[in-house]
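**Student:** Handing you this structure, nothing more for now.
In our numbering, the protein residues as written are 199 to 358.
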């Protein structure tokens with residue numbers, strides 16, 4: 199699943215292993231379970247820690263660093279969405295704004311192109327503003343909202 203989201207295969211495998219593991223694992227256990235190089239495991243663990251979905255923990259009686267994944271699926275996906283927004287959406291929005299500024303000053307830019315850029319900007323601004331609001335909701339409220347599904351459209355009488 200991770201590779202379909204543009205995530206390195208080993209990173210995705212390590213995260214899946216840690217997510218499904220009932221206990222924290224040390225790097226050697228990950229190497230053995232996935233049959234990947236120790237250096238690749240170290241690099242991948244750093245990336246997962248950078249995302250905030252894996253953390254290092256200490257196990258009493260063992261000097262090695264152990265790692266565990268966030269177990270709350272909603273919290274984990276909230277973190278992933280926050281990171282994707284920060285790394286991908288925010289820079290895209292900044293570039294769109296710059297392009298619009300340039301297009302507005304450039305007499306050779308046709309009106310259609312300018313309108314398309316503004317439509318993209320408006321879409322990203324609207325959806326990110328919406329996301330910034332709901333990302334702060336407690337998980338229980340978010341779950342209820344998501345489960346409403348099409349009932350929201352009917353409640354607002356938005357038609358087909």
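Just so it is clear, CB atoms sit at the ideal spot from N, CA and C, and this is done for glycine as well.
Can you tell which of 256, 257, 252 has its C-alpha closest to the C-alpha of residue 275?
**Tutor:** Nearest C-alpha to residue 275: 252.
**Student:** I'd like the span of the beta strand (DSSP E) that includes residue 267, first residue to last.
**Tutor:** Per DSSP, residue 267 belongs to the beta strand (DSSP E) from 260 to 267.
**Student:** Which class does residue 333 belong to by DSSP, given the choice of helix, strand or coil?
**Tutor:** In the structure shown, residue 333 sits in coil (DSSP, three-state: anything other than H, G, I, E or B).
**Student:** Does the distance from the C-beta atom of residue 333 to that of residue 270 stay below 8 Å?
**Tutor:** Not closer than 8 Å, so no.
**Student:** Is the region 303 to 311 touching the region 243 to 250, taking contact as three or more C-beta pairs under 8 Å?
**Tutor:** Counting Cβ pairs under 8 Å, fewer than three are found: no touch.
**Student:** Output yes or no for whether 8 Å exceeds the beta carbon distance between residue 267 and residue 213.
**Tutor:** Cβ atoms of residue 267 and residue 213: closer than 8 Å.
**Student:** Return the CA-CA distance between residue 207 and residue 342, expressed in angstroms with no decimal places.
**Tutor:** Their backbone Cα atoms lie some 33 Å apart in a straight line.
**Student:** Do you know offhand how far residue 254's Cα is from residue 231's?
**Tutor:** So the alpha carbons of these two residues sit roughly 18 Å apart.
**Student:** What does a CB cutoff of less than 8 Å around residue 294 pick up in its chain, not counting 5 residues either side in sequence?
**Tutor:** Only 315, 318, 319, 322 meet the Cβ criterion.
**Student:** Residue 367: buried (16+ other C-beta within 10 angstroms of its C-beta) or exposed?
**Tutor:** This structure leaves residue 367 out entirely; the chain is present only between 199 and 358.
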